[in-house]
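Residue numbers (numbering that gives the first Met the number 0): 0 to 226.
Think of the CB as a built atom: it goes at the ideal place given N, C-alpha and C, for glycine as much as any other residue.
Here the structure is a predicted model, which means the values were calculated and not measured.
Below is one structure, written out as structure tokens; the observations come after it.
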Amino acid sequence: MITTKQAIMERHSVRVYKEDIIEPSVREQLDAEALLCSQESGLTFRIVYDDEKGFDSALAHYGRFRNVRNYILIASKGGRDVDEKSGYYGERLVILAQQLGLNTCWAALTFNKKEVRKRLEKDEKLVIVISLGYGADQGHQHRNKELIKLAQIRDDDPKWYREGVEAALQAPTAVNQQKFRIYRQDDVISIVPDGRGQLVKLDLGIVKYNFEAGAGKENFRWAEPLV
Ligand SMILES: Cc1cc2nc3c(=O)[nH]c(=O)nc-3n(C[C@H](O)[C@H](O)[C@H](O)COP(=O)(O)O)c2cc1C
């Protein structure tokens, strides 16, 4: 299996999938990780397999999704920092999926909300979904904003910081907006949103997951406790 860091570099959004079904041994690994993410976050991470309806709608097709047969559903029963947590733990599942040879795409809008809602329990509120399957291709590298607009950079930055920033720049963000800024004070890191709204908070959680995996948890501390 490729490493987490490698998977972060190789991941791109994929919206068109092959017909291949996800085999039982892969499902087991994904389901086990989804359960851990649910337990650690207090949110619900549920993987729906072999359901073509979740991304079958005019909006999903408009969003250029084709042949989506599986997806990760993220839901909450309330609590604090729901969006940021959804981003952080959702990206953990996305990167595992990439390591297992699968492809993904986060979708806040372009899916069939009515169908996906049928998969929720009564007290659960849908946060976002992520399409899942074997991609028709591996996607494309997104454009990045200028490095100095996203992260504080100095000549003497340690290697772990550069690797963290590199992984953060590789994170998926809604419409590739990259509305975040990374700051370093010795080994203390803060990543702050550069804007407002639900999607910016989701993005922030995703970016934090990538930074942490790229930099290595053992090398730094978060300025603010992680959600
Ligand atoms: C929170 C979030 C919501 C997104 N919502 C959608 C969506 O509704 N439809 C869609 O086609 N792509 C959606 N995307 C995918 C982004 O467009 C994509 O991640 C971004 O363009 C960067 O490209 P990359 O993932 O290939 O690096 C979303 C991504 C994120 C992180």
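Legend entry - Sequence-distant residues of its chain with Cβ nearer than 8 Å to Tyr16 (five each side left out): Arg65, Asn66, Val67, Arg68, Asn102, Ser130, Gly132, Tyr133, Gly134 and Ala135
Item to complete: Please name the residue, chosen from Gln197, His139 and Asp30, that lies closest to Tyr70 on a Cα-to-Cα basis.
Response: Asp30
With H, G and I counted as helix, E and B as strand and the rest as coil, what does DSSP make of Asn218?
helix
Review point. Under the criterion of a Cβ to heavy atom distance below 7 Å, does Lys23 qualify as lining ligand 1?
Key: The displayed chain sequence assigns Pro, not Lys, to residue 23. Because no heavy atom of ligand 1 lies under 7 Å away, the Cβ of Pro23 does not count as near it: no.
Roughly how many angstroms separate the alpha carbons of Gly53 and Asp186, rounded to a whole number? 43 Å
- Task: Using beta-carbon positions only, say whether Arg14 and Tyr48 come within less than 8 Å of one another.
- Result: no
query: Between Lys84 and Val206, is the Cβ-Cβ spacing less than 8 Å?
result: no
* Option in Leu35, Glu123, Asn209 and Arg63 with minimal Cα separation from Ile94 -> Asn209
Relative to ligand 1, is the shortest distance from any of its heavy atoms to the C-beta of Gly138 smaller than 7 Å? yes
### Query
Going by Cα to Cα distance, which pick from Gln28, Lys124 and Asn175 is closest to Leu198?
Asn175
query = Among the residues of its own chain, which have a CB less than 7 Å from the CB of Thr109, if the five just before and after it don't count?
reply = Leu58, Ala59, Tyr61, Gly62 and Phe64
Taking 7 Å as the cut-off, is the C-beta of Ala173 nearer than that to any heavy atom in ligand 1? yes
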